[in-house]
Amino acid sequence: INAEYGETDQLNMNKWTALSILLSIQILSVFCGFNDTKICTRKNWKQYDPTWSGDTLPCGSTIGQVGCALTSVANCLGTMNPGQLNTWLKSHGGYSGCDIIWSAVNSLTAFKYVDQVKFAEGSLSTAVGNCNNCFIANVRGGTHWVLITGFAGDNTYYVNDPGFDQSTYTWFNMLVESKYSA
Numbered sequence: 014i015n016a017e018y019g020e021t022d023q024l025n026m027n028k029w030t031a032l033s034i035l036l037s038i039q040i041l042s043v044f045c046g047f048n049d050t051k052i053c054t055r056k057n058w059k060q061y062d063p064t065w066s067g068d069t070l071p072c073g074s075t076i077g078q079v080g081c082a083l084t085s086v087a088n089c090l091g092t093m094n095p096g097q098l099n100t101w102l103k104s105h106g107g108y109s110g111c112d113i114i115w116s117a118v119n120s121l122t123a124f125k126y127v128d129q130v131k132f133a134e135g136s137l138s139t140a141v142g143n144c145n146n147c148f149i150a151n152v153r154g155g156t157h158w159v160l161i162t163g164f165a166g167d168n169t170y171y172v173n174d175p176g177f178d179q180s181t182y183t184w185f186n187m188l189v190e191s192k193y194s195a
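Just so we're aligned, residue 14 is where the sequence shown starts under the working numbering, counting upward by one.
1) Distance check for glycine 107 and tryptophan 101, CA to CA, integer angstroms please.
2) Is DSSP giving tryptophan 115 helix, strand or coil here?
3) Could you have a look at isoleucine 162 and say whether DSSP puts it in helix, strand or coil?
4) Measure the alpha-carbon distance for tyrosine 126 versus proline 71 and round it to whole angstroms.
5) Any contact of the stretch 52-64 with the stretch 126-140, i.e. 3+ C-beta pairs under 8 Å?
6) Does any heavy atom of the ligand GDP sit closer than 8 Å to the C-beta of threonine 64?
7) With DSSP run on the structure shown, which of helix, strand or coil describes serine 109?
8) Note down, in chain order, each residue of its chain lying with its Cβ closer than 8 Å to the Cβ of cysteine 111, except the 5 sequence neighbours on either side.
9) Nearest to serine 85 by CA position, among Asp178, His157, Ala117, is which residue?
10) Does glycine 96 pass the burial test, meaning 16 or more other C-beta atoms within 10 Å, or should it be called exposed?
11) Assign phenylalanine 148 to buried or exposed, taking buried as 16 or more other Cβ atoms, counted over all protein chains shown, within 10 Å of its Cβ.
12) To the nearest angstrom, report how far apart cysteine 81 and valine 159 are at their CA atoms.
13) What do you get for leucine 188, buried or exposed, if any count of 16 or more other CB atoms within 10 angstroms of its CB means buried?
14) Identify whether threonine 75 lies in helix, strand or coil by the three-state DSSP scheme.
15) Have a look at the DSSP bridge pairing and note the partners of arginine 130.
16) Below 7 Å CB to CB, which residues in the same chain sit around cysteine 198 once its five sequence neighbours on both sides are set aside?
17) If the criterion is Cβ atoms closer than 9 Å, does the pair valine 152 and lysine 51 meet it?
18) Compute the Euclidean distance between the alpha carbons of alanine 123 and glycine 154, then round it to the nearest angstrom.
19) With a threshold of 7 Å on Cβ separation, who are the neighbours of asparagine 119 within its own chain once the five nearest residues in sequence on each side are excluded?
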């Protein structure tokens, strides 16, 4: 201990140093975007993009009309846009009518289709935090698919929604989740 300062003064300086470090970390977290929420960076293509929205699926409907699952898979994989993926799937037996065959893309990238399940309340948040996984959730009463990108807290999840201007859905709005894992 420095002779100029007493033991109490040294302890107070240590407390102030620790507090200033904590305050600096909190300030950095606000300005740099660090937080407790894990958000996986994924593509955010939209099914209604004019580049591919008019492309047809094997059933005759277009990507713009019914391509939410296709676009969500493209957003997960990140290697082909929805138009390119649609073309590839059509030539590789990747559809059953208008429905994508989830495992058809397994040969394209490191991401492989694992399963389609309904996670228990609260357990999806842990799984979503691992960016080696992609989860595509069925929402809007079973009529729409979105890519989950992170957990916002309180059973709410960040999503890349290919058809609507919506960035979150709650676990209660999700009927099932299709899981891809790298």
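Idealized CB from N, CA, C, for every residue including glycine. Computed from a predicted model, the values in this text were never measured in an experiment.
Reading it off the structure:
1) When rounded, the separation of the alpha-carbon atoms in tryptophan 101 and glycine 107 is 8 Å.
2) Tryptophan 115 carries a helical assignment under DSSP once its states are collapsed to helix, strand and coil.
3) Strictly speaking, residue 162 in this sequence is threonine, with isoleucine absent from that position. Looking at threonine 162 - three-state DSSP - the assignment turns out to be strand.
4) Cα to Cα, tyrosine 126 sits roughly 21 Å from proline 71.
5) When C-beta atoms of the stretch 52-64 are compared with those of the stretch 126-140, fewer than three pairs fall below 8 Å, so the two segments do not count as touching.
6) No copy of the ligand GDP appears in this structure; indeed no ligand is present at all.
7) DSSP places serine 109 in strand when its eight states are reduced to three.
8) So the list reads Leu70, Pro71, Cys72, Ser74, Val79, once near-sequence residues are dropped.
9) Sorting Asp178, His157, Ala117 by C-alpha distance to the C-alpha of serine 85 places His157 at the top.
10) Result: buried.
11) The Cβ neighbour count for phenylalanine 148, taken over all protein chains shown within 10 Å, is at least 16; the residue is labelled buried.
12) One alpha carbon belongs to cysteine 81, the other to valine 159, and they sit about 7 Å apart.
13) With fewer than 16 other Cβ atoms within 10 Å, it is exposed.
14) Threonine 75 falls in the strand class under three-state DSSP.
15) A small correction: the amino acid at residue 130 is valine; arginine does not occupy that position in the sequence shown. For valine 130, DSSP records a beta bridge to Glu190.
16) Residue 198 lies beyond the range of the chain shown here (14 to 195); nothing can be said about it.
17) Note that the C-beta distance between valine 152 and lysine 51 is not below 9 Å.
18) Using only the alpha carbons, I get a separation of about 31 Å.
19) These residues qualify, in order along the chain: Lys125, Tyr126.
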